[in-house]
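Residue numbers (the numbering used here), protein chains in the order written: chain R, 1 to 403; chain C, 1001 to 1403.
Data first, discussion second: the structure below is written as structure tokens.
Protein chains: 2
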Amino acid sequence: MDPNNDLAEELERVQARDSVVRAWAARHSDANIIEAFKVAPEGLLSGWTVGVKDVINTFDLPTERGSPIYRGNQPVSDAACVAVAREAGAVVTGKTVTTEFALFTPNITTNPYDPSRTPGGSSSGSAAAVADRQVRAAFGTQTVGSVIRPAAFCGVVGFKPTRRLVPLAGVATLSHAFDTLGWFTRDVADSTTMFQAMTGAGASPQELNRKVGRYLSHQWEAAAPETLEAIDSSCAALEAAGVEVIDIDPLPSLELVFDAANTILHYEIVRVFAWERTHNLDLISDLVRKMFINGARVDHEDYKAAQTVLVSAQIAYQEFMATNHLDALLTPSAPGEAPPLKTTGDSVFNRVWTSLGAPTIHLPVRQGPSGLPVGVQLVGQSWCDQRLLAAAALAEDSFSITT
Amino acid sequence: MDPNNDLAEELERVQARDSVVRAWAARHSDANIIEAFKVAPEGLLSGWTVGVKDVINTFDLPTERGSPIYRGNQPVSDAACVAVAREAGAVVTGKTVTTEFALFTPNITTNPYDPSRTPGGSSSGSAAAVADRQVRAAFGTQTVGSVIRPAAFCGVVGFKPTRRLVPLAGVATLSHAFDTLGWFTRDVADSTTMFQAMTGAGASPQELNRKVGRYLSHQWEAAAPETLEAIDSSCAALEAAGVEVIDIDPLPSLELVFDAANTILHYEIVRVFAWERTHNLDLISDLVRKMFINGARVDHEDYKAAQTVLVSAQIAYQEFMATNHLDALLTPSAPGEAPPLKTTGDSVFNRVWTSLGAPTIHLPVRQGPSGLPVGVQLVGQSWCDQRLLAAAALAEDSFSITT
């Protein structure tokens, strides 16, 4: 592929589609992007355009966090992930639309497959821009389900590495317990290349056990028929590719995690947003204000108890994955196709994995009843990101043949 | 105590001593501070003046991070801890001097007990300002030993809570694995009040087992005679106060932590400071540049292995503390009295506890051979901060009677 051809196509896509998809909070001019391509250093990401979720600092474009409180806010430096990407040759074309503070209030971006549907949140613009081929990759963040869910609704690959593997330096905090940097790409190969650029990990192939667990979540009843079909056809494709797929009953230690994560999130945001609360409450949406009220009711003892629940679950999960020699769990990414724009969709299938800090990846599989993308989530063991990416590459291959 | 009297004394101290101690990177005018006292809200910290380490954002004073790269950098909002403190009634008087990026290059602050000695780093100005009675309390951060070490050298109480209990939102990152917010006060009671303000924890007395472990660190040979004397006299005082003190042999699982922490720190700072490295290498000190070179040599696989070492050690440490019913371990805070200004001192007795994420507190005990402060460190179980603070209050009481 000639990267210059890709760039021309991407710029045309933005020109043609931006008024509908509305993925960008701020963007460099085409002339500046073309110029930046010429002077970018040589590296793993040479020839790549990258979008940056608007909670991540860039020295050359504002970071507004989806909130009028931060309108025009111009950071003095790049977030670590952005600087590392630029050092590896990537060109940042713009900042992608986020929901307010990366929480649940919908913003202006639409789903590239149907403008009446949500692209998901909170990394809405990043998922939509990659899905619409306006950019090759985009950074997002996940605190509950903000990478995997929009990836699912927009039909792209969304990867959330092990928590705190990739620096959050220069990324606005939502919850210090859970925030994790991730990214969107069109395929697993690109996601793996981004992982290598971010971490210095080698490109050597990972040894796989070729064993995946089909995991029926505690929230299984939330899955729509198209999701069950995607799980079934994915498992069939994996088996056809010679992967052993075993059924896993929901782990008892994970049952308490869902509520514990909710307790921690609410407790934290009251304190994390103390400045915004005390200075600009009038500029904060009703949904977020309601979360502050709920958070103020969480007692410190309950917060500590929830943290203890999480620690136990993390230990149990790591042990389970290691002793069963599983490359990944296969489980839903989202309840079904993207819902209408008035919500960013339900993160019911994401919260537990985010809370555990485990790496997780969304893979598109098929179309749902409305012709919108549906896929599956693979969840790995913490600090075994490369094995998860290798398993995802194998799965992606198998899906393209048989689903 | 009439807080207005305290304020007048503090302002006079700054007037008289600032040219020697040099604790402040930026400071409000006395008139502005007096005015802020009048309009501060009622709360747990009413009547308190607070200093803020210059890696922590404030909307009304610059945050320069001890680096010419960030000269004049004015954040648009307060860090979470600052906003929470102000909401509880505290008045921020100024930003305290930090070493460059909270690393090891000495800055301009001197030790209040002897201007030819270091106040310690990296929270140098915060420790010195509290020790010199220029402010009632001050925020610091600890990534290796940057709260406990300066507290020891300056003879104040320094408390580092369980990692990620208090938000780091708005605090510049050094290492996302280890950075922890903490604070300096003159006594344990003030440290406990600050903890309550930050977390919403209740003021009810904690039940103590009245059992402390005397812990001979793997780095024990680094301790100077005055430190051994402080440990001995502290243990004697605790026993006189009816606390059981048992000798603990160094835990095997902690032996690997020291090197693992070093690996993680170096790997992370290369990426965390990618922007500064690629844009302003000429404005970075030789010491920090050398760390970048060492960090670039750390392979991703070594970083992952080090993270695995840490996880195992954290689990083993928590289990050890719980099964032995220990309120705290008693161990050195620093090798001895504050060394000369050309170094910020050795963090050899801090790194392991920081890496574990455990809460830890420094208590002044006595004077060393040069008349400078010497004390001890109490280390608690993660998420049991209130118990550690209660044990520290008991210890502080016992020291004042018998040491």
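The beta carbon of each residue, even a glycine, is placed where N, CA and C say it ideally should be.
Within its own chain, the residues whose Cβ lies closer than 6 Å to the Cβ of C:R1017, once the five positions on either side in sequence are excluded, are D1132, listed in chain order. Within chain C, the residues placing a beta-carbon under 9 Å from that of R:T308 are W1383, ordered along the chain.
Distance between C:T1331 and C:R1214, taken at the CA atoms: about 6 Å. For C:D1114, the secondary structure class from DSSP, reduced to helix, strand or coil, is strand. Taking the Cα positions, C:A1223 is about 13 Å away from C:D1232. Boundaries cannot be given for R:D327, as no beta strand (DSSP E) includes it and DSSP labels it neither H nor E. Taken through DSSP and simplified to helix, strand or coil, R:I361 comes out as strand.
Going by DSSP, R:K211 is part of the beta strand (DSSP E) stretching over K211 to Y215. Per DSSP, the continuous beta strand (DSSP E) segment holding R:V374 begins and ends at P373 to V379. Nearest in C-alpha terms to R:C384, of all of C:A1079, C:Q1307 and C:P1161, is C:Q1307. The CB of R:R164 comes closer than 8 Å to the CB of H1176 and A1177 in chain C, given here in chain order.
Rounded to whole angstroms, the Cβ separation of C:S1333 and C:H1362 is 5 Å, and the two are in contact under 8 Å. If you draw a straight line from the Cα of C:A1169 to the Cα of R:T173, it comes to about 5 Å. Exposure of C:L1287 is indicated by the presence of fewer than 16 other C-beta atoms within 10 angstroms of its C-beta. Within the same chain, and ignoring the five residues on either side of C:K1095 in sequence, the residues whose Cβ sits closer than 6 Å to its Cβ are A1025, A1026, V1052, D1054 and L1061.
C:I1033 is a Cβ neighbour of C:T1093, given a cutoff of 8 Å. Membership of R:L254 in any beta strand (DSSP E) is not indicated, and neither H nor E is assigned to it by DSSP. Counting C-beta atoms within 10 angstroms of its own C-beta, R:I264 has 16 or more neighbours from the protein chains shown and is therefore classed as buried.
By the Cβ test, the region 1198-1213 of chain C is not in contact with the region 1340-1347 of chain C, since fewer than three Cβ pairs between them sit closer than 8 Å. Among the bridge pairs identified by DSSP, C:Q1206 is matched with none.
When DSSP reads this structure, R:P332 sits in a beta bridge with R:V376. In summary, no residue of the region 1025-1058 of chain C has a CB separated from any CB of chain R by less than 7 Å. Taken through DSSP and simplified to helix, strand or coil, R:D247 comes out as strand.
Sequence-distant partners of R:P364 (beyond 5 residues in either direction) whose C-beta falls short of 6 Å from its own C-beta, in its chain, are G155, P373 and G375.
Proximity of R:I293 to chain C, defined by a Cβ-Cβ separation below 8 Å, is not satisfied. At a C-beta separation below 9 Å, R:G200 has these neighbours in chain C: Y1267, V1270, R1271, A1296, V1298, D1299, H1300 and Y1303.
Proximity of chain R to C:A1080 at the Cβ level (cut-off 8 Å) is accounted for by T173, R271, V272, F273, A274 and W275, in chain order. When the beta-carbon positions are compared, C:C1081 and C:I1056 come within less than 8 Å of each other.
Residue contact check for R:I315 against chain C: a CB pair falls below 8 Å.
Distances from the alpha-carbon of C:Y1070 to those of C:E1276, C:A1261 and C:G1145 put C:E1276 closest. Inter-residue distance for R:I269 and C:K1038 is about 29 Å (C-alpha atoms, whole angstroms). Chain-order list of chain R residues neighbouring C:E1087: A274 and T278, by C-beta distance under 7 Å.
Within chain C, the residues T1173 and H1176 have their CB atoms less than 8 Å from the CB of R:L168, given in chain order. When 8 Å is used as the limit between beta carbons, R:V84 is near these residues of chain C: R1271 and A1274, in chain order.
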